[in-house]
Each structure stands twice: as C-alpha cells, then as structure tokens.
Amino acid sequence: MGYAQLVIGPAGSGKSTYCSSLNRHCETVGRTMHIVNLDPAAENFDYPVAMDIRELISLEDVMEELGLGPNGGLIYCMEHLEENLDDWLTEELDNYLDDDYLVFDCPGQIELFSHVPVLRNFVEHLKRKGFNVCAVYMLDSQFMTDVTKFISGCMASLSAMVQLELPHVNILSKMDLVSDKKNIEDFLNPEPRALLSELNQRMGPQFAKLNKSLIELVDDYSMVSFVPLDLRKERSIQYVLAQIDNCIQYGEDADVKVKDFDADDD
Numbered sequence: 006m007g008y009a010q011l012v013i014g015p016a017g018s019g020k021s022t023y024c025s026s027l028n029r030h031c032e033t034v035g036r037t038m039h040i041v042n043l044d045p046a047a048e049n050f051d052y053p054v055a056m057d058i059r060e061l062i063s064l065e066d067v068m069e070e071l072g073l074g075p076n077g078g079l080i081y082c083m084e085h086l087e088e089n090l091d092d093w094l095t096e097e098l099d100n101y102l103d104d105d106y107l108v109f110d111c112p113g114q115i116e117l118f119s120h121v122p123v124l125r126n127f128v129e130h131l132k133r134k135g136f137n138v139c140a141v142y143m144l145d146s147q148f149m150t151d152v153t154k155f156i157s158g159c160m161a162s163l164s165a166m167v168q169l170e171l172p173h174v175n176i177l178s179k180m181d182l183v184s185d186k187k188n189i190e191d192f193l194n195p196e197p198r199a200l201l202s203e204l205n206q207r208m209g210p211q212f213a214k215l216n217k218s219l220i221e222l223v224d225d226y227s228m229v230s231f232v233p234l235d236l237r238k239e240r241s242i243q244y245v246l247a248q249i250d251n252c253i254q255y256g257e258d259a260d261v262k263v264k265d266f267d268a269d270d271d
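Position 22, counted from 1, in the sequence shown is what the numbering used here calls 27; the numbers after and before it change by one each time, with no gaps.
This is the structure:
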C-alpha cells in the first residue's frame, strides 16, 4: 500500500512552497518522501522532482502547436494526462515501492478540482494502484479577513471535497505573512451562530435565508476547521503532516524493511 497527498488550491496559495518546505522537513527528520510535479506550466522547483508531467506534455508546447491560451492549454494538458493514466503514470508508479509516500503538486486552476473530472479520475487510478490518498487544500490566510471571504473559501474547498471524495485537510497557508493573527484565529474554529450573525450584518435582509443555508452547509460538512501553517516553525509543519498522515493511515500497515547486504560485509 502506498500513500499520497494531492496538494490543491487556488493559484498563489503556496502549494509549491508547501511542497518545498515539506521536503526539507522530511530530509531533516530522516523521512523519505517523493514530490511529483503535475503542473505542465511549472518551470523552476525548490525541491527534487521525482516525477514530472512535463516529460509527457508541457503547456508551452501545447500553446505553440495548437494556438491555445494558458487556461485552455492547461485543460488540454490535463486531459492528455487523463488519457495516459494507464501508460505513462502506471509506468512511473512502478518505480516506487508499496509503502512509498508521494506528494502531488497540482496546478492552481480551480476548475480542475471542482468542475472537470480529470483529477477525480487521476485519484481513482491511484486508488486502483493501492494508494491511500488525501486531498490537501491550501488557502491563503491573508484571504481570511472577514466572514464573507471565509464563506467563499469554504465553498471552494467544499466543492473540491465533493468532486474528489477524499479525506480532506484544509490548510491556511502563509501564516508567517499575517500581521494581525487575531483576525485569523477567529475563523479557525468559529461558532456557526456567530458567523451567521456577522454575515447577516454585512448583507441585506433579503439574503437571510441564503446565509442561514450556507452556514448550515458549512457546519454540516465540518468545513469550519482549518489548520494554520507557519513555515518558519518546524512544529507547525510537523503538526500539519501529522494530521495528513492520520487521514491516510500512514505507517499503520508498513512492513519493517530489511536492508540487503553481502555475506562478506561487516
């Protein structure tokens, strides 16, 4: 059984930075983790790339050959990946052991994990190959400045949760850049009634029923829980990783590895 994180979230939410910091943390603690680039438009990496979608297809080539724009070209690239799951991806996955840990750094176009079925089919393929998969949804903490933005972020995350049908960990990234953390802390584990009251104050009375339904939806799906991530603190990275490991049951069924050695060695 393998283990995998699917790192998703809006463009600029800190997905690649998270993957880079996770790689450094694992190197420090002596843990092995392989990071996979699923962004056909990526150019520079701060982490060693174990697998790279650009070996299959790149956005630059698609835009040049087909005359597509960035968004249309990206969708084309991901659909091409979907068509090659049984060939390219299967061949790449065969290079890893049953208990290896993969982290997939995904593109930031929201429609990939909320509308089109590409990533859903990608996840289903990983499951068929014996991987326990967890969706790690990154949301910029600087986005969480008031209740309306909080609800918007929850809805986007909920859309990904419904589309992917995976264990889901919501992370507030870039906490090191937040000047007033008190405002953020109010949204980490908020009281639904307090959210509804503040939402009604900011919007007209004609939206009262809609506000109530939104808050109930967020509360029912337990979407009012976010894990803050401050990349300056090792404890913060360690805590986030522990939450994800718990979701995918990492290590619970792992076998003890015995290193091969020659009889003549000491």
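For each residue, glycine too, the CB sits at the ideal point set by N, CA and C.
Out of curiosity, what's the CA-to-CA distance linking isoleucine 189 and glycine 35? Taking the first residue of the sequence shown as 1, we reach residue 189 at position 184. Taking the first residue of the sequence shown as 1, we reach residue 35 at position 30. Spanning the two alpha carbons is a distance of roughly 33 Å.
Kindly confirm or deny that the segment 128-147 and the segment 15-28 touch, where touching means at least three C-beta pairs closer than 8 Å. Between the segment 128-147 and the segment 15-28 there are three or more inter-stretch CB-CB distances shorter than 8 Å, so the stretches are counted as touching.
Since valine 152 and leucine 200 are thought to touch, with beta carbons under 8 Å apart, how far apart are those beta carbons, to the nearest angstrom? Residue mapping note: residue 152 aligns to position 147 of the sequence shown, counting from 1. Residue mapping note: residue 200 aligns to position 195 of the sequence shown, counting from 1. Right, their Cβ atoms sit about 6 Å apart.
Cβ of serine 178 within 8 Å of Cβ of leucine 234? To locate residue 178, count along the sequence shown from 1; it is residue 173. To locate residue 234, count along the sequence shown from 1; it is residue 229. In contact: serine 178 and leucine 234 (Cβ atoms closer than 8 Å).
Can you look up histidine 173 in the DSSP assignment and give me helix, strand or coil? Position 168 of the sequence shown, counted from the first residue, corresponds to residue 173. When secondary structure is reduced to three states using DSSP, histidine 173 falls in the strand class.
Beta strand (DSSP E) runs contained entirely in the segment 9-62, provided each spans 3 or more residues: Runs found: 39-42, 54-57.
CA-CA distance, aspartate 66 and alanine 47? Translated into positions along the sequence shown, residue 66 becomes position 61. Translated into positions along the sequence shown, residue 47 becomes position 42. Roughly 13 Å between the two C-alpha positions.
Would you mind reading off the limits of the beta strand (DSSP E) that contains asparagine 137? Position 132 of the sequence shown, counted from the first residue, corresponds to residue 137. Residues 136-145.
Neighbourhood of cysteine 24 by C-beta distance below 7 Å, restricted to the same chain and skipping five residues each side: Locating residue 24 in the sequence shown gives position 19, counting from the first residue. Scanning its chain for C-beta atoms nearer than 7 Å, with the 5 sequence neighbours on each side dropped, one finds around cysteine 24 the residues Val12, Ile40, Tyr52, Val108, Asp110, in chain order.
Cβ-based burial, lysine 262 [other Cβ within 10 Å; buried from 16]: Stepping through the sequence shown from its first residue, residue 262 is reached at position 257. With a pLDDT of 45 at lysine 262, under the threshold of 50, the predicted position of this residue should be treated as unreliable, and no value is reported.
Taking a contact to mean a Cβ-Cβ separation below 8 Å, would you say leucine 117 touches methionine 160 in this structure? In the sequence shown, counting from the first residue as 1, residue 117 sits at position 112. In the sequence shown, counting from the first residue as 1, residue 160 sits at position 155. At a Cβ-Cβ threshold of 8 Å, leucine 117 and methionine 160 do not count as neighbours.
Are the CB atoms of leucine 79 and leucine 64 nearer to each other than 8 Å? By 1-based counting over the sequence shown, the position of residue 79 is 74. By 1-based counting over the sequence shown, the position of residue 64 is 59. In this structure, leucine 64 lies closer than 8 Å to leucine 79 by Cβ.
Report yes if the C-beta distance between serine 157 and asparagine 194 is below 8 Å; otherwise report no. Walking along the sequence shown from the start, residue 157 turns up at place 152. Walking along the sequence shown from the start, residue 194 turns up at place 189. No; because the gap between Cβ atoms is not below 8 Å, this pair is not in contact.
List the DSSP bridge partners of glycine 74. Counting from 1 along the sequence shown, the entry for residue 74 is found at position 69. Answer by DSSP bridge pairing: none, since glycine 74 is not bridged.
Does DSSP put valine 263 in a helix, a strand or coil? As a first step, residue 263 is located in the sequence shown; it is residue number 258 there, counting from the start. The predicted position of valine 263 is uncertain, since its pLDDT is 44 and thus under 50; no value can be drawn from it.
Across the segment 167-187 and the segment 127-141, are there enough close Cβ pairs to call them in contact, namely three or more that are closer than 8 Å? By the Cβ test, the segment 167-187 is in contact with the segment 127-141, since at least three Cβ pairs between them sit closer than 8 Å.
Which residue or residues does DSSP assign as beta-bridge partners of aspartate 110? For the purposes of this step, residue 110 is taken as residue 105 along the sequence shown, with counting starting at 1. Val12, Asn42, per the DSSP bridge assignment.
Can you grab the Cα-Cα spacing for the pair aspartate 191 / leucine 182, in whole Å? Taking the sequence shown and counting its residues from 1, the one referred to as residue 191 is at position 186. Taking the sequence shown and counting its residues from 1, the one referred to as residue 182 is at position 177. Taken atom to atom, the span from the alpha-carbon of aspartate 191 to that of leucine 182 is near 17 Å.
Report back the beta-carbon spacing between glutamine 114 and asparagine 76 to the nearest angstrom; my notes put them in contact at under 8 Å. Along the sequence shown, one-based indexing puts residue 114 at 109. Along the sequence shown, one-based indexing puts residue 76 at 71. So it is a contact: roughly 7 Å between Cβ atoms.
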